[in-house]
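Those protein sequence lines, which keep their order, are chains A and B.
Take 1 as the starting number for the first sequence in UniProt numbering and just add one per residue.
Take 1 as the starting number for the second sequence in UniProt numbering and just add one per residue.
Beta carbons: idealized from backbone N, C-alpha and C, even for Gly.
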Amino acid sequence: MDKTTGNGSRLSHSDPPTTGEEQTSIMVWKPKQVEEAWELKKRFGDDAKYISGGTLLQMQREQGTPFPGHLISLENIQEMNGISKLEDNCSDAYLRVGALTSLAVCKKDPLIQEGWQLLAESISDIASPAVRNRGTIGGNIVYGVGDSIPALLVLDAKVSWFDGTKLQVDSLWSYLKNFASNQHIITSLLLPEKSVSIQEKSWFKKVGRRESFIPSLITIAGYCVCDYDQMVVDIKLAVGGGSHHPQRLKICEDILYGSKITDHLLLEAYEAINAEFHPISDPFVSGEYRRTVAANVIVSELLTMQANR
Amino acid sequence: MSQQANKYTRNHRVRPDGAAKVTGELKYLTDLKREHMLYGKIVRSAYPHANILSINTKDAEQLPGVEAVITYKDVPGLNGFGIVMPDQPVLCQDKVRYVGDAVAAVAAKSPEIAERAVKLIRVEYDPLPTLDSPEKALEVDAPLLHQKGNILHQASYQKGDVEKGFEKCIDIVEQTYHVPRQMHTYMETEGGVIVPEANGAITVLVGTQHGYKDRFQLSRILNIPEEKIRIVSSPIGGSFGGKDELNIQPYAAILALKTARPVKIHQTRKESVISGIKRHPMKITMKTGVDEHGKIIAHQVKIIADTGAYSTLGPAVLDFAVEHATGPYVIENVNTEGVSVFTNNGVSGEFRGFGGNQVAFALEGQIDRLAEKLQMDPIDFRRMNLRKRDDVGPLGHRIAKTNGASEVLEGIASLYQDKKTNQEPERWKKRGTGIAITMHGGGLGYGRLDPAGGRLSLNEDGKIEIAFGFEEFGQGILAVIEMIVTEELGVSADDLSIVIGDTSLVPPSGSTTASRGTSMVWHAVQRMKTHFTEEIIQSAAKQLNISQKHLRMGKGGIYSDQYHSKPLLTYKQLVKHTSSAIVTNTSFDFPTTPDEVDGGHFLYTFSGVMAQVEIDLLTGKVKVIDLDQVIAAGPVVNKIGYRGQIEGGGVMSLGYTLMEEAFMQEGKYITENLDSYLIPSIQDVPFALGVEAIESLDDGDVYGPRGVGEIGSVAVAPAITKAVHNAIGYWANKLPISSEEILNASGKRSVTSWMKVGQ
């Protein structure tokens, strides 16, 4: 196992070493296996954090949360890398995306661009090119608030994580519901292949206080399939943004599923969103604003699926 | 840009410092290091308002690697600073008045040790009630922030009888406007290195807008003669008014003198947000009335400015706002009253536009609301009330004759005709267009020390040396100097050596502020060029034994009128055999009105702005899709620089209008860093920003090109606000305009009405 010593507040600082430095130094561990990483975390407990791209920890440090005494870098764990197609149960096909894959690589990957365009789109809206070059898809998920999560929820993504003894796989939605963030090591994402539908629509919209390089106030993603009679046969709606944990809008989905898109149905859907989504207020916008925007965007997208609209 | 009456048309001059800046090669003063240099850090107050009970620095002093800890006891001279009134303590002794107040400072061998030392300094406070608004500070039982009370300054202007005027009005609009605390957001935060020299002298390598003023203030604080202080102050990574006042200099200087070692302080962004000055938030109430002909005959204005904890330039900013409260309009009856109030919010001070941007938002808002009420075209309504060439200035004082107001209005009117699109935007979107105009005074105004000057010499290397006390902070003054001197003397850029930003080398030229740089460079060169040229020619004639009348200065040296292809004498050859130094100095004052009107300006620039917006009805987002300005400021010196100033000012004000607010609650910043204090990204800026320059000056105007550092920022907010109104019928009276307010205003929250939109 590699281990290096970094300076506590400036990892890449080039100033000459000074006498006080050792007092603020921290250890950077570079395990090669996920099990080793887990053991290190167990050993150092709260004085250790996992780190991959480091973009979030770096920002938190800037905001006043110092680095812990030990950083467990996941960078050298091979199994957490790469993008590849794989078959599951001989029938369903998945795209496996290693958790360490940088956001920039995900965004540009031809397979993702072709089959899971919504993910690429959502990543385009995350932070800035520099952050996307460092930040990883796993990191965007593991803290539970990343902008890609609503898109992944409507893509019905699964995650694979290491729970201390073995790798587990479940849908991202139930993973997010059941586990507090950052307790496990997410090793990869599994994106299911979709069958081609005649009338389908998916959308992703992030609203921030400016056009780019901005935390989300509200992020909305949706996927809807209708049959020839405008009957909704598949619907997934997800919202997130700010420090709000992303969620599926299940009540609204249930109202839409199996029904024909009409003005009346959309009004019901609009009201359902108001009832089931309770985003928080902050000094910049109210929860009411977030909810209204979510409902506006979802209903306006569905409206275009109505006949003659 | 149109080209009239301009001799500086030969070049789009690339700024001499441009390449080094864009390649990152340029060393800013905060990049400097010195041998044995220590790192300083400043301890700021934990409370916006509190008595200090005790300061214990013992633990910090004992930390290995800490070389000095200073408190108020260590200030050798006056424990105070402030350009006009030195009422801000360098280091607080018994009271803190805002979260940026300094209580102690340390110097240590590394930034990390300094940071740890800061945490070891124990300050005991007894918190006092926080006066977090001017209203609270003006309450009768409010605690007094300063001995003289909580009012920093009052200013007013009366003309005619405003009450009688209102009686004759057929329509009156009364509205209160709120404008936010804007941050300069210069890329380079405050910092630099201060080096102790022999005999108790110091060299201050820290960016500032006015080296000589820093020297004066530091001399008072350090109790050493000004001659022992050398200020090296350029280049600077942006300022916009924010670095005219002292910032970290006193701390680094005291620490450097105490440790006898160079001390570097470079504030983090968060430290910069907390301690740095901001644009004054103001609450402006205007009542404006028109008669049956559509003529504005009564205008009443009340301005309450939140000046924060200390004076700095608060009084001057208020005076400027009062002066500009009628803008370019001629109104029979005016009553303007302004008050600048001390609070426990961050210190407000100088900022590009200097109080003009605040009142322009309110005034142009009134004009547009009145035009709507009268069902008049906003351009016609303005035309009817606009000042004319010979009219006096806004305080009834004489000003340089100008038709600028009318020129920019007509310029923007024709642009409005050409560009206003009725193009249908996509579904769920609405578009709107708005215009606004303004006039803006340059220089400091009547009754204020506003000296300028410069020096032209032939230096030992045979270079024509032009020296000014101005600073380069990104505005492009070097290109302006190069352009004016080469054109006026007929020499090339290679013949020049430009010297600025070092009090040991340059003459005093006043502060680099108030859009005065370009103007003062031009004036100085006009004053020096004849004498300097004569000296050169005289000396050359002597050496060449040719009559002076046959010689002239040119690129690379002295030419004869017979022989043009090569100089007879290069400047280098000339200096080699010249016995006495060839130097021309000048010093003079920025022109002011001849009338005794305090703060009254003389040279004004004008701007007309057209903005188009697209509003997303689903989210309430406002996107500026077009921003064009027509500027009347005399001849353009350097086209790229001019365009840069207008575009940059425009983008800065786009931010002011739609997102920028240094938001405070109970005297503490909520927006502590650039992840929550937002400035526009390139995606927020229209693809093309139009800049049209009207270069003509009045016949007989001898004042040359005016500076354009501020004018591009002044009238943008009201133009965007009107565009929003044009799109959805909503009048915003508070900046920044939020998406939530737009969403509420567009009334699409109720589903039923919402569903009909866009069908």
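**Q.** Per-residue DSSP class, three states only, for B:L145
**A.** coil
Q.
Run through the DSSP bridge pairs and tell me what B:F606 is partnered with.
A. Bridge partners of B:F606 according to DSSP: B:M439 and B:A632.
(Q) Using only the alpha-carbon positions, how far apart do A:I273 and A:A295 sit? (A) 6 Å
Q: Put B:N403 into one of helix, strand or coil per three-state DSSP.
A: Three-state result, B:N403: coil.
Q.
Against chain A, which members of the stretch 613-631 of chain B pass a CB distance test of less than 9 Å?
A. D616, L617, L618, T619, G620, K621 and K623
Q: Quick one: grab the DSSP three-state call for A:C224.
A: strand
Q | Alpha-carbon to alpha-carbon, B:P64 and A:E22 | A | Residue confidence is low: A:E22 scores 39 on pLDDT, short of 50, so the model does not pin down where it sits. Its coordinate-derived value is still stated next. Spanning the two alpha carbons is a distance of roughly 12 Å.
Q: Say whether chain B places a C-beta atom closer than 8 Å to the C-beta of A:S300.
A: yes
Q: With DSSP as the reference, label B:E535 as helix, strand or coil.
A: helix
Q: Assign B:L449 to one of two classes, buried (16 or more other C-beta atoms within 10 Å of its C-beta) or exposed (fewer than that).
A: exposed
Q) If we cut at 8 Å on Cβ distances, does residue 310 of chain A have a partner in chain B? A) No statement about residue 310 of chain A is possible, as the shown extent of chain A runs from 1 to 309 and does not include it.
(Q) Count Cβ pairs between the stretch 153-165 of chain B and the stretch 245-258 of chain B that sit closer than 8 Å; are there 3 or more? (A) no
Q: Give the residues of chain B in contact with A:V207, contact being defined as C-beta atoms less than 8 Å apart.
A: T619, K621 and S739
Q.
Just to confirm my understanding: we take A:W203, look at its own chain, exclude 5 residues before and 5 after, and list those with CB closer than 6 Å. What are they?
A. G222 and E301
Q: Could you list the residues in the stretch 54-70 of chain A with a C-beta less than 8 Å from some C-beta on chain B, going in chain order?
A: For the stretch 54-70 of chain A, which is checked against every Cβ of chain B, the residues closer than 8 Å are M59, E62 and Q63.
Q: Would you mind telling me which residues of chain B sit closer than 9 Å to A:P215, beta carbon to beta carbon, in chain order?
A: The answer, in chain order, is D675 and S676.
Q: For my contact list, A:M305 and A:C252 are in at a C-beta cut-off of 8 Å; report their separation, rounded to the angstrom.
A: With 8 Å as the limit, A:M305 and A:C252 do not qualify as a contact, their Cβ atoms being about 15 Å apart.
(Q) Please return the same chain residues whose Cβ sits closer than 6 Å to the Cβ of B:L743, not counting the five positions on each side in sequence. (A) G620
Q: Return the bridge partner residues of B:G554 from the DSSP annotation.
A: Looking at the DSSP assignment, B:G554 forms a beta bridge with B:G557.
Q | Cα-Cα separation between B:L78 and B:P16, rounded to whole angstroms | A | 40 Å
**Q.** Proximal chain D residues relative to B:S681, where beta-carbon distance stays under 7 Å
**A.** Annotation note: the requested chain D is absent from the structure, which comprises protein chains A and B.
Q) What did DSSP end up calling B:T312 once you bin it into helix, strand or coil? A) Reduced to three states, the DSSP call for B:T312 is coil.
Q.
Only counting the same chain, and skipping five residues up and downstream in sequence, which positions put a Cβ closer than 8 Å to that of B:I297?
A. Here the set comprises G165, K168, C169, G289, V290, D291, I331, E332 and N333.
**Q.** Spatial distance of B:L654 from B:A413 (CA atoms)
**A.** 21 Å
**Q.** Pairwise C-alpha distance: B:E112 and B:F81
**A.** 29 Å
Q: If I'm right that B:I720 touches B:A611 with Cβ under 8 Å, what's the distance once you round it to whole angstroms?
A: 5 Å
**Q.** Residue span of the beta strand (DSSP E) that contains B:Y98, given as start and end
**A.** Careful: B:Y98 lies outside any beta strand (DSSP E) and carries neither H nor E.
**Q.** Contact check, B:T356 vs B:F320, beta carbons under 8 Å
**A.** The residue you asked about is not Thr; residue 356 of chain B is Gly in the sequence shown. For B:G356 and B:F320, yes; Cβs fall inside 8 Å.
Q. Where does B:V14 land, buried or exposed, given buried means 16+ other C-beta within 10 angstroms?
A. Looking at its Cβ environment, which holds fewer than 16 other Cβ atoms inside 10 Å, B:V14 is exposed.
**Q.** Cβ neighbour criterion (16 or more within 10 Å) applied to A:H264
**A.** exposed
Q: List the residues that DSSP assigns as beta-bridge partners of A:Q306.
A: A:Q306 is not bridged to any residue.
Q.
Taking the beta carbon of A:Q183 as the centre, do at least 16 other beta carbons fall within 10 Å, making it buried, or is it exposed?
A. Answer is exposed; the Cβ neighbour count stays below 16.
Q.
Would A:S286 pass as an interface residue toward chain B - the criterion being a Cβ-Cβ separation below 8 Å?
A. yes
Q. Does B:L743 have its Cβ less than 8 Å from a Cβ in chain A?
A. With respect to chain A, the C-beta atom of B:L743 has a partner C-beta closer than 8 Å.
Q | Residue range of the beta strand (DSSP E) that includes B:L456 | A | Its beta strand (DSSP E) spans residues P451 to L458.
Q. Would A:V293 count as contacting chain B if we go by Cβ distances under 8 Å?
A. yes
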